[in-house]
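Undergrad:
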Amino acid sequence: MLTPNVSATLLDVRGFHKKSPESQALLEKIGATFLEGYAYAAEAKDVDDAGERLDKQLNTRFRGFGYEGAGMGFAVRDGLPLGPTKLSEKFLAGSGDPHNYMVYVGMGWAMARLPKFRWPDGDKLDLLLRWLLLDGYGFHQAYFVTKKYVDQQYQDKRFGWPSRAWSDYSNRAIDQGIGRALWFICGTDAELTASTLDKFAESRHPDLWAGVGLAATYAGGAEEHELRTLFRRAGENRIHLSQGSCFAAECRIRADLLVPHNELATKILCGRTAAQTAQVALDFRPEHLIEGTLPAYELWRRKVANEFSAHAATGDQTVVHLPTVDLPDTDEQERAA
4 MLTPNVSATL LDVRGFHKKS PESQALLEKI GATFLEGYAY AAEAKDVDDA
54 GERLDKQLNT RFRGFGYEGA GMGFAVRDGL PLGPTKLSEK FLAGSGDPHN
104 YMVYVGMGWA MARLPKFRWP DGDKLDLLLR WLLLDGYGFH QAYFVTKKYV
154 DQQYQDKRFG WPSRAWSDYS NRAIDQGIGR ALWFICGTDA ELTASTLDKF
204 AESRHPDLWA GVGLAATYAG GAEEHELRTL FRRAGENRIH LSQGSCFAAE
254 CRIRADLLVP HNELATKILC GRTAAQTAQV ALDFRPEHLI EGTLPAYELW
304 RRKVANEFSA HAATGDQTVV HLPTVDLPDT DEQERAA
């Protein structure tokens, strides 16, 4: 009951746009690999067993999606009333550590399938990366409840995880996942992705564009001219598109899963090699976490986004009025960061 059916990864079943046979095959392979990783976690006698299968049986391009699925699988097992617990924690401490971004996103998929009282305790997770669970939750909801979350642009204004105090930012993190899902829903079609995103309230565009940038870089599926179209259509939100691309590059490199389409995407969306782009995320990653008026995760994202402002303004040879993202001047958490 808690497992997505493999047929749900087929574009025909979901009713998603089919740009080309190649794009369709890519997206369906990603979905099937996710479920393969989920199965490894569901069947595993221990977390090391799952990690060994993921590393041996999945190729470089798709392995990260398998780890994402395993993140969901272990989180589902943790959420069940019987059986072993803390499997997600053990997985992240072992073979899942290089893939921690993807594992956290997969855990967010589990949140969408489990009752709320079985959700992970956000205060016991990495305080910087815990927002990735909501990225995964947002992706799941856009992918499986598309009419409500995409066509009707639904938001739960009282979303209470990790706490009621963070409800406003929780919705922003969910939007980052919805933006990532748009790349899949629109079949990696740059024009359709941009046009679909434009229908959302303008205040939501920065986070949605960040999700698109992450998906276009990590998953791929676009040729150079399509990535240039995506960059052009982002307009004043290009720095957010670049920020998402940057996080995708860092995620790939951290896990030693870099492939050619990642290099192409960062070249167009960030104006740098994948390694140079990923280094930006590392350079601005906060060492000391003090949760103030904004989560440390959001301050990190803003600093990364601003680093790409010069490229975002003229990267396609068209000058764009491009405001930088505001950063607090006197906030205690900003001084610490």
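So in the working numbering, spot 251 of the sequence shown is number 254, and the numbers just go up one at a time.
Cβ coordinates follow ideal geometry from the N, Cα and C atoms, glycine included.
Bear in mind the structure is a predicted one, so any value in this text is a computation, not a measurement.
1) Within 10 angstroms of the Cβ of T12, are there 16 or more other Cβ atoms? Answer buried if so, exposed if not.
2) What is the DSSP secondary structure of A258, counted as helix, strand or coil?
3) So does the region 84-92 actually touch the region 227-247, counting three or more Cβ pairs closer than 8 Å?
4) Determine the burial state of S342: buried for a count of at least 16 other Cβ atoms within 10 Å of its Cβ, exposed for fewer.
5) Give the straight-line distance between the Cα atoms of F147 and G141, rounded to the nearest whole angstrom.
6) For E227, collect the residues of the same chain with a Cβ closer than 7 Å to its Cβ; drop the 5 residues on either side in sequence, then sort them by chain order.
7) If we count Cβ pairs, one from each stretch, closer than 8 Å, do we get three or more for the region 165-172 versus the region 202-220?
8) According to the neighbour-count rule (16 or more other Cβ atoms, all chains shown, within 10 Å of its Cβ), is N8 buried or exposed?
9) Of all the options G67, F120 and A316, which has the alpha carbon lying nearest to the alpha carbon of E1?
10) When DSSP labels each residue in this structure, what does V328 get in the three-state scheme?
11) In whole angstroms, what is the alpha-carbon distance linking A299 and V283?
12) Looking at the structure shown, is Q156 part of a helix, part of a strand, or coil, going by DSSP?
13) Closer than 8 Å is the cut-off here; do at least three beta carbon pairs connect the region 250-257 with the region 47-59?
14) Please give the ranges of any alpha helix (DSSP H) in the region 12-89, keeping only runs that are unbroken, at least 4 residues long and fully inside the region.
15) Is the CB-CB distance between V108 and G82 below 9 Å?
16) Residues in the same chain with beta-carbon distance under 7 Å from K21, minus the five sequence neighbours each way, listed in chain order, please.
17) Taking only the alpha-carbon atoms, compute the straight-line gap between P84 and L117 and give it to the nearest angstrom.
18) Between which two residues does the alpha helix (DSSP H) containing S170 stretch?
19) Is E294 buried or exposed, if buried means 16 or more other CB atoms sit within 10 Å of its CB?
20) Under the rule that 16 or more other beta-carbon atoms within 10 Å means buried, what is Y221, buried or exposed?
21) If we ignore side chains and look at the alpha-carbon of each, how far apart do R305 and S23 end up?
22) Taking 9 Å as the cut-off, decide whether the C-beta atoms of L211 and A219 are in contact.
23) If we ignore side chains and look at the alpha-carbon of each, how far apart do K127 and W134 end up?
24) Enumerate in chain order the residues of its own chain whose CB-to-CB distance from W122 is below 7 Å, with the five nearest sequence positions on each side excluded.
25) Considering Cα atoms alone, identify which of F234, A213 and A193 is closest to A225.
26) At the level of alpha carbons, what is the spacing between D154 and G69?
27) Just verifying my parser: in three-state terms, what is the DSSP assignment at D192?
28) What first and last residue would you give for the alpha helix (DSSP H) that runs through P209?
29) For E205, name the three-state secondary structure that DSSP assigns.
TA: For this structure:
1) One-based indexing of the sequence shown puts residue 12 at position 9. Under a 10 Å Cβ-count criterion, T12 is classified as buried, with 16 or more other Cβ atoms of the shown protein chains found around its own Cβ.
2) The residue labelled residue 258 in the question sits at position 255 within the sequence shown. Correct three-state label for A258: coil.
3) By the Cβ rule, the region 84-92 does not count as touching the region 227-247, because fewer than three pairs are nearer than 8 Å.
4) This structure gives no information on residue 342, because the portion of the chain shown stretches from 4 to 340.
5) Position 144 of the sequence shown holds residue 147. Position 138 of the sequence shown holds residue 141. For F147 and G141, the distance between alpha carbons rounds to 10 Å.
6) Stepping through the sequence shown from its first residue, residue 227 is reached at position 224. So the list reads L267 and I271, once near-sequence residues are dropped.
7) Result no; under three Cβ-Cβ pairs closer than 8 Å.
8) Against the sequence shown, residue 8 aligns to sequence position 5. By the neighbour-count definition (other C-beta atoms within 10 Å, threshold 16), N8 is an exposed residue.
9) There is no way to answer for residue 1, as the model of the chain reaches only from 4 to 340.
10) Here the question's residue 328 lines up with position 325 in the sequence shown. DSSP places V328 outside both helix and strand once states are collapsed to three, so it counts as coil.
11) One-based indexing of the sequence shown puts residue 299 at position 296. One-based indexing of the sequence shown puts residue 283 at position 280. The straight-line gap from Cα to Cα measures roughly 16 Å.
12) The residue given as residue 156 occupies position 153 in the sequence shown. Secondary structure of Q156 (DSSP, three-state): coil.
13) No, they do not touch.
14) List check, alpha helix (DSSP H) in window: 14-17, 24-46, 50-60 and 63-82.
15) Locating residue 108 in the sequence shown gives position 105, where the first residue counts as 1. Locating residue 82 in the sequence shown gives position 79, where the first residue counts as 1. No, these two residues do not count as a Cβ contact at 9 Å.
16) Within the sequence shown, numbered from 1, the residue matching residue 21 stands at position 18. Sequence-distant partners of K21 (beyond 5 residues in either direction) whose C-beta falls short of 7 Å from its own C-beta, in its chain, are L14, Q27 and G190.
17) The residue you call residue 84 lines up with position 81 of the sequence shown. The residue you call residue 117 lines up with position 114 of the sequence shown. When the Cα atoms are used, P84 and L117 turn out to be separated by approximately 11 Å.
18) As a position in the sequence shown, residue 170 is number 167, starting the count at 1. Per DSSP, S170 belongs to the alpha helix (DSSP H) from S170 to I188.
19) Position 291 of the sequence shown holds residue 294. Classification for E294: exposed.
20) One-based indexing of the sequence shown puts residue 221 at position 218. Under this definition Y221 is a buried residue.
21) Here the question's residue 305 lines up with position 302 in the sequence shown. Here the question's residue 23 lines up with position 20 in the sequence shown. Inter-residue distance for R305 and S23 is about 35 Å (C-alpha atoms, whole angstroms).
22) To locate residue 211, count along the sequence shown from 1; it is residue 208. To locate residue 219, count along the sequence shown from 1; it is residue 216. In terms of Cβ geometry, L211 and A219 do not form a close pair [threshold 9 Å].
23) Locating residue 127 in the sequence shown gives position 124, where the first residue counts as 1. Locating residue 134 in the sequence shown gives position 131, where the first residue counts as 1. One C-alpha to the other measures close to 13 Å.
24) Translated into positions along the sequence shown, residue 122 becomes position 119. Around W122, the same chain offers M114 and W164 as residues with beta carbons nearer than 7 Å, after the five sequence neighbours per side are excluded.
25) As a first step, residue 225 must be located in the sequence shown, where it is residue number 222. Of the candidates F234, A213 and A193, the residue whose Cα lies closest to the Cα of A225 is A193.
26) As a working note, residue 154 is residue 151 in the sequence shown. As a working note, residue 69 is residue 66 in the sequence shown. D154 and G69: Cα-Cα distance of roughly 29 Å.
27) Here the question's residue 192 lines up with position 189 in the sequence shown. Note: D192 maps to coil in three-state DSSP.
28) Start at 1 with the first residue of the sequence shown, and residue 209 comes out as number 206. That run of the alpha helix (DSSP H) goes H208 to Y221.
29) Counting from 1 along the sequence shown, the entry for residue 205 is found at position 202. In the structure shown, E205 falls within a helical segment according to DSSP collapsed to helix, strand and coil.
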